[in-house]
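So the structure is just underneath, and the comments pick up after that.
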Amino acid sequence: MRLLADLMSSKQNIIVIGSGVIGISVGIALQEVGFQVRIIDEQEASQKASEGNAGAFAFADIVPLATPGIIRAAPRWLLDPLGPLSIRLSYAFSIAPWLMKFWRASWSDKFPALMEAQAELMALSRSALERQAALHRGEALLRREGQLRLYDTESNFLESASYWSACKEFGIGYTLLTSRHEINEIQPGLHNRFEHAGYTPDWVNVCDPKLWLRNLNDRFLSGGGFVEQRRARSLSFSSNKVTVQCDDGDLYCDFVVVAAGAWSKSLAQTVGDYIPLETERGYNTTFDPGEFDLRTHLTFADHGFVVSRVGKSMRVGGAVELGGLEAPPNFERSRILLSKAKQFLPSIDPIGCEEWMGFRPSMPDSLPVIGASRKQPKVVYAFGHGHLGLTQSAATAELVRDTILGKPWPISSAPFSAARFTRLSSI
Ligand SMILES: Cc1cc2nc3c(=O)[nH]c(=O)nc-3n(C[C@H](O)[C@H](O)[C@H](O)COP(=O)(O)OP(=O)(O)OC[C@H]3O[C@@H](n4cnc5c(N)ncnc54)[C@H](O)[C@@H]3O)c2cc1C
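Residue numbers (the numbering used here): 9 to 435.
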């Protein structure tokens with residue numbers, strides 16, 4: 009604790025790059041232990057994934073996306089124009105190395121360890137959310153209504169056995185449902201094709217991800233933090249200080265945290281770290297659902313989309329489009345999801361549809377990068393959370409705080425290290 013006392017007396021200052029849910033959560037956690045924190049973000053009202061996501065603390069989602077057998081399923085999804093996965097032709101060549109690493113992560117010599125690491129981080133995320141919600145009056149913004157994971161057919165349900173046995177192995181509570189009646193008890197109004205589902209009661213949602221972020225932002229500001237609109241271009245180092253070179257001049261600090269979501273890769277490159285970060289673009293539509301009474305978070309497991317409540321509205325979202333950071337959105341993808349949702353929830357009558365696309369920051373092994381740079385201990389990374397950035401935000405903040413304080417982590421750090429990839433390694 010000597011180190012902590014020293015830090016508090018000298019008020020070391022830290023710059024966090026990115027004001028998404030990861031950056032703000034990190035900012036608060038560092039502020040709480042006495043650092044002077046400034047968050048910079050290039051956009052005020054930005055395309056940040058943290059504002060438009062589905063709002064789920066998806067604690068049950070411990071299975072990495074690159075599952076064994078994915079290579080057999082992927083071509084089927086890619087060939088289906090209504091399927092959950094698409095690759096922009098113009099981006100196919102650029103994304104190929106990432107896809108190779110993604111495939112490699114699905115091999116049986118890698119997959120179990122990746123799942124174990126994900127499950128450890130999820131367990132920490134669950135308890136960290138409770139700490140965060142208690143400290144920052146977040147409870148009023150949470151919905152504790154669980155998740156219903158629905159399957160189209162009995163055979164798809166049977167194929168999901170490995171998902172549920174992983175939940176069992178890692179202590180995630182669930183009930184399997186095998187009749188329309190049982191499903192109807194939890195969520196009435198679904199199409200009668202759904203006779204198989206799993207219910208995870210410990211799943212939590214935010215009332216609205218935008219409000220959640222605003223609440224955290226207000227806590228950060230009232231704790232003495234600063235948020236400024238600035239774009240960081242690169243990082244450099246001199247006599248124990250970090251220089252953050254911005255478009256409008258240089259900033260100096262004792263530590264920098266890179267939490268720039270899907271845009272973090274180029275900043276890490278300026279430090280000399282190679283990190284295979286890509287974006288999985290995701291789409292959703294938010295609308296007034298009329299009389300439909302959505303009682304829980306719905307996951308349509310065979311179709312790659314979810315339905316959640318956001319304020320008084322309903323949000324239908326998901327899809328994975330591999331197309332990089334520059335291409336304009338293709339909202340046909342959100343329309344496809346919405347038309348499927350209309351089939352599965354026949355009584356919804358969407359009014360006032362608002363379409364959105366966001367950039368998930370995604371690593372090929374489904375684990376985020378959290379911890380110090382391989383090259384510069386004064387640079388700490390917190391990005392690459394893919395589909396789970398909101399879910400893992402409070403835990404990431406605690407781990408970044410521990411890294412900077414030099415404290416041991418409560419979970420194993422190696423799976424999240426920036427050093428786990430090299431340019432030549434397959435993973
Ligand atoms: C359709 C969809 C649904 C999702 N649903 C869920 C869900 O239900 N649950 C869940 O846990 N996750 C979900 N996610 C994923 C989640 O939204 C992301 O993992 C998370 O928001 C990432 O947060 P972040 O803070 O890392 O990035 P962001 O929210 O993208 O923030 C990064 C910020 O960095 C800023 N920035 C970038 N470069 C620079 C620079 N050079 N200088 C200054 N600032 C910079 C950007 O302007 C941006 O504001 C979903 C994502 C999508 C797309």
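For each residue, glycine too, the CB sits at the ideal point set by N, CA and C.
All figures in this text were calculated on a predicted structure; none of them were measured in a lab.
Whole-Å CB distance - residue i paired with residue j, under 8 Å assumed
i: S168; j: Y182; result: So it is not a contact: roughly 11 Å between Cβ atoms.
i: A2; j: A136; result: Shown here, the chain extends from 9 to 435; a query on residue 2 therefore has no answer.
i: G28; j: W364; result: Contact doesn't hold; Cβ gap of about 15 Å is too wide.
i: G414; j: G233; result: In fact, because the Cβ distance is near 22 Å, the residues do not count as touching under 8 Å.
Which listed residue (the options) has its alpha carbon closest to that of residue i
i: A349; options: P89, H199, I95; result: H199
i: G154; options: A205, L87, D262, I36; result: A205
i: K56; options: P217, G331, R317; result: P217
i: L229; options: I48, A82, G298; result: I48
i: A335; options: K118, A131, G290; result: G290
i: T161; options: F202, A100, Y282, I359; result: F202
i: D281; options: S347, A380, V318, F308; result: A380
i: S98; options: T304, E329, L129, A422; result: E329
i: S170; options: E288, F119, S102, A268; result: F119
i: P83; options: I30, L107, S187; result: L107
i: S342; options: P354, L353, G366; result: G366
i: L398; options: L86, S173, C215; result: C215
i: A270; options: G26, L149, I22, R112; result: G26
i: L156; options: E193, Y207, R238; result: Y207
i: R222; options: T294, I30, D256; result: I30
i: R238; options: K249, G232, C254; result: C254
i: T293; options: S58, E362, P105, F424; result: E362
i: A64; options: S347, A405, H305; result: H305
i: L396; options: Q51, R139, V212; result: V212
i: S102; options: K249, Q44, L333, W172; result: L333
i: F391; options: N338, D296, A267; result: A267
Spatial neighbours of residue i in its chain, beta-carbon cut-off 6 Å, leaving aside the 5 residues before and after
i: H393; result: P376, Q400
i: D14; result: Confidence at D14 is low in this model, with a pLDDT of 47, below 50, so its placement is unreliable and no value can be given for it.
i: G331; result: R96, Y99, R289
i: N164; result: D310
i: R317; result: L302
Sequence-distant residues of its chain with Cβ nearer than 7 Å to residue i (five each side left out)
i: D357; result: G298
i: S187; result: E203
i: F352; result: L198, H199, F308
i: V279; result: L243, S381, K383, Q384, V387
i: L11; result: Caution applies to L11, whose pLDDT of 48 falls short of 50 and renders its modelled position unreliable; the value that the coordinates give is listed next. Hits under 7 Å: L413, G414.
i: A405; result: S33, V34, I36, A37
Residue i at chain B interface by Cβ criterion, 8 Å
i: F300; result: In summary, chain B is missing from the structure at hand, where a single protein chain is found.
Close-in-space but distant-in-sequence residues of the same chain around residue i (CB under 8 Å, 5 per side omitted)
i: S420; result: A125, E128
i: S355; result: G197, G298, E299, F300
i: A113; result: P72, A74, F119, L122, P372, D373, S374, I435
i: T6; result: As shown, the chain starts at 9 and ends at 435. That puts residue 6 outside it, with no answer to give.
- Assess, as a yes-or-no matter, whether the segment 32-48 is touched by the segment 402-409 under the definition of 3 or more beta carbon pairs within less than 8 Å. yes
- Message: Can you confirm whether the segment 316-336 touches the segment 375-385 when touching is taken to mean that 3 or more C-beta pairs between the two stretches lie within less than 8 Å?
- Response: no
- Query: What alpha helix (DSSP H) runs, 4 residues minimum, are completely inside the segment 143-203?
  - Reply: 162-167, 169-177, 188-194
- Count the C-beta pairs between the segment 177-196 and the segment 66-76 that are closer than 8 Å, then say yes if the count reaches three, no if not. yes
- Stretch-stretch touch, CB-based, cutoff 8 Å, three pairs: the segment 132-146 with the segment 218-227: yes
- Message: Contact between the segment 233-250 and the segment 378-388 is defined here as three or more beta-carbon pairs at a separation below 8 Å; is this criterion met?
- Response: yes
- Decide yes or no for the touch test of the segment 81-95 against the segment 307-314: beta carbon pairs closer than 8 Å, at least 3 of them. yes
- Task: Can you check the segment 381-410 for any beta strand (DSSP E) of at least 3 residues that lies completely inside it and give the ranges in chain order?
- Result: 387-391
- Item | Complete runs of the beta strand (DSSP E) confined to the segment 197-264 [at least 3 residues] | 204-208, 212-214, 234-237, 240-246, 249-254, 257-261
- Pick out the complete alpha helix (DSSP H) segments inside the segment 318-344, 4 residues or longer, and give them in chain order. none
- List in chain order: all unbroken alpha helix (DSSP H) runs of 4+ residues lying wholly within the segment 69-141. 78-87, 100-113
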